[in-house]
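Colleague:
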Amino acid sequence: MIFFDEQRPSSSPFVELIWRSHSEDTHPFLSIAVNRIELVVSKLQGKTTLTVRGPETRATPVGDCPADGEWLGILLKPGVFLSHLPIRSLVDDSVDLEAASTKTFWLGGSTWQFPTYENADTFVDWLVHEGLLVRDPLIEAILQGRCNDLTPRSVQYRFLRSTGITQNAVRQIERARSATFLLQHGVSIADTIVQTGYYDQPHLTRSLRHFIGQTPAQLLHHSQPEQLSLLYKTIPFP
């Protein structure tokens, strides 16, 4: 089973959250939908790997998580991406960066040390400084309702270019994750529907089955054996 040991916000405008975890035994694992890119450092069987995980548009069972593993995650904000990786190719997929040694990996033609939980912010700052990590500030502005002077076609273009998925998909995933967080923390199905803006329970159920892989009742009562990937408190975009 994976234990999420710590998570913290970042001062960087490029980063949503930094987290770390470890596993102590094998256990069924369910990767849930996420609308942003994540950099994940994995330590398994003595090997360290940095994986760039793209947006996930649906829940995906991944079998049993491995035992005795360690992970560091840097969850990027919507509209943040690596300049040399086409984001459309990362949707529902991931890329392992080539290792240069046991402590370093290749990125942008140079070797980099694997980041740690403590220096993750500095690592991101250097990626930004070298132009390897870029941000489209209009994405967050659009999601917060602060940019109304773009045509629907322009909005669609910016979202596909900077996030790999549509604005509608970004909003639906965020709402499903918010509902899941509420249900797992004991909020009733009826109150969850009101707080997250679903029309009714069938609407909520369809959404959660697709994006989370479980029904509202299963999430509320923790009745399924699969462990979900990292879930943090969030609210639907306005």
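Under this note's numbering, the letters of the sequence shown match residues 4 to 241, in that order.
Here a beta-carbon is modelled for each residue, glycine too, at the ideal position from N, C-alpha and C.
If you're wondering where the values come from, they're calculated on a predicted model, not measured in any experiment.
Could you tell me the alpha carbon to alpha carbon distance between SER14 and ASP124, rounded to whole angstroms?
Modeller: Reading the sequence shown from its first residue, position 11 is the one you call residue 14. Reading the sequence shown from its first residue, position 121 is the one you call residue 124. Rounded to the nearest angstrom, the two C-alpha atoms are 8 angstroms apart.
Colleague: Looking at the secondary structure, which residues open and close the alpha helix (DSSP H) in which GLU177 lies?
Modeller: Taking the sequence shown and counting its residues from 1, one reaches residue 177 at position 174. Segment 170-187, the alpha helix (DSSP H) holding GLU177.
Colleague: Roughly how many angstroms separate the alpha carbons of ASP8 and LEU207, rounded to a whole number?
Modeller: Position 5 of the sequence shown holds residue 8. Position 204 of the sequence shown holds residue 207. In a straight line, the C-alpha of ASP8 is about 30 angstroms away from that of LEU207.
Colleague: Could you check the C-alpha separation between ALA172 and ALA70 for me, to the nearest Å?
Modeller: As a first step, residue 172 must be located in the sequence shown, where it is residue number 169. As a first step, residue 70 must be located in the sequence shown, where it is residue number 67. Near 33 angstroms, if we compare the C-alpha coordinates of ALA70 and ALA172.
Colleague: Could you tell me the boundaries of the alpha helix (DSSP H) in which THR208 lies?
Modeller: As a first step, residue 208 must be located in the sequence shown, where it is residue number 205. 204-214 is the span of the alpha helix (DSSP H), which, as asked, contains THR208.
Colleague: Tell me GLN10's beta-bridge partners as DSSP assigns them.
Modeller: Stepping through the sequence shown from its first residue, residue 10 is reached at position 7. Bridge partners of GLN10: TRP22.
Colleague: Going by Cα to Cα distance, which pick from PHE84, MET4, VAL197 and LEU100 is closest to PRO58?
Modeller: Translated into positions along the sequence shown, residue 58 becomes position 55. Residue PHE84 is the option with its Cα nearest to PRO58.
Colleague: If you draw a straight line from the C-alpha of GLN227 to the C-alpha of GLY112, how long is it?
Modeller: Numbered from its first residue, the sequence shown carries residue 227 at position 224. Numbered from its first residue, the sequence shown carries residue 112 at position 109. If I take the Cα positions, the gap works out to 44 angstroms.
Colleague: The alpha helix (DSSP H) that contains LEU233, what's its start and end?
Modeller: For this step, residue 233 is matched to residue 230 along the sequence shown. Careful: LEU233 lies outside any alpha helix (DSSP H) and carries neither H nor E.
Colleague: Could you pull the start and end residues of the alpha helix (DSSP H) that ARG156 belongs to?
Modeller: In the sequence shown, residue 156 corresponds to position 153, counting from 1. First-last of the alpha helix (DSSP H) with ARG156: 155-166.
Colleague: When you compare only the Cα positions, how much space is there between GLU229 and THR166?
Modeller: The count along the sequence shown starts at 1 and reaches residue 229 at position 226. The count along the sequence shown starts at 1 and reaches residue 166 at position 163. Cα to Cα, the separation comes out at about 28 angstroms.
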